[in-house]
Amino acid sequence: MSAAVGASQLRIRRMGEVDLDEVYEVERSAYDYPWSRGIFEDCLRVPYECEVLEENGRIVGYTVMSLAAGEAHLLNLCLAPDVHGRGLGRLLLDHVVGVAESRGANVIFLEVRPSNQRAVQLYLRAGFRRLGVRPDYYRASVGREDALVLARRF
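Be aware that the sequence shown starts at 616, since it is given in the numbering used here, and climbs by one per residue.
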């Protein structure tokens with residue numbers, strides 16, 4: 616998928632091994648407890664649905680999603696901090712939801728930190744509903760943080 620936004624050229628495409636250094640830099644810039652580069656390598660090997668969002672040739676975001684037995688699980692949706700607030704998160708989310716639905720998923724699940732209110736609001740506005748909580752799911756600066764479990768049915 617390609618689109619022009621203002622003077623920017625945006626493109627969503629499959630992630631490849633050649634992208635991993637750039638993807639890992641986005642991950643490290645966005646999270647206090649990032650995935651390792653090895654996790655991304657494993658996701659490509661499985662293979663999960665891994666895609667990147669490029670703006671003018673620079674990777675500014677990505678998604679990682681598993682698909683099986685009519686269910687999708689959004690494992691990671693991330694944007695570089697310097698592009699927040701421009702609607703690119705919604706663009707990526709709408710794209711990955713469309714991929715899940717087109718591949719026969721009936722539902723898409725995800726976990727999100729309650730402290731990440733920007734992401735929580737993005738998902739709720741996109742039609743996700745809260746299913747429950749996974750206690751102590753995420754690492755935190757002190758102890759652990761719960762995860763909200765959200766889902767959207769098609």
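For every residue, glycine included, the Cβ atom is placed at its ideal position computed from N, Cα and C.
Residue i in three-state terms, based on DSSP
{"i": "H710", "result": "helix"}
{"i": "D761", "result": "strand"}
{"i": "Y677", "result": "strand"}
{"i": "P750", "result": "strand"}
{"i": "R718", "result": "coil"}
{"i": "R705", "result": "helix"}
Expected contact under 8 Å - CB spacing of residue i and residue j to nearest Å
{"i": "L635", "j": "R652", "result": "6 Å"}
{"i": "I674", "j": "V638", "result": "6 Å"}
{"i": "L763", "j": "P729", "result": "6 Å"}
{"i": "L708", "j": "L682", "result": "Their Cβ separation, rounded to whole angstroms, is 16 Å, which puts L708 and L682 out of contact at 8 Å."}
{"i": "G704", "j": "L694", "result": "6 Å"}
Environment of residue i [buried if 16+ CB atoms lie within 10 Å]
{"i": "E642", "result": "buried"}
{"i": "G676", "result": "buried"}
{"i": "N721", "result": "exposed"}
{"i": "E666", "result": "buried"}
{"i": "N671", "result": "exposed"}
{"i": "A734", "result": "buried"}
{"i": "L689", "result": "buried"}
{"i": "Y648", "result": "exposed"}
{"i": "L746", "result": "exposed"}
{"i": "V661", "result": "exposed"}
{"i": "R628", "result": "exposed"}
{"i": "V679", "result": "buried"}
Residue range of the alpha helix (DSSP H) that includes residue i
{"i": "F769", "result": "Segment: none, F769 is in no alpha helix (DSSP H) and carries neither H nor E."}
{"i": "E637", "result": "635 to 645"}
{"i": "Y738", "result": "732 to 740"}
{"i": "R652", "result": "652 to 660"}
Extent of the continuous beta strand (DSSP E) run through residue i
{"i": "E726", "result": "722 to 727"}
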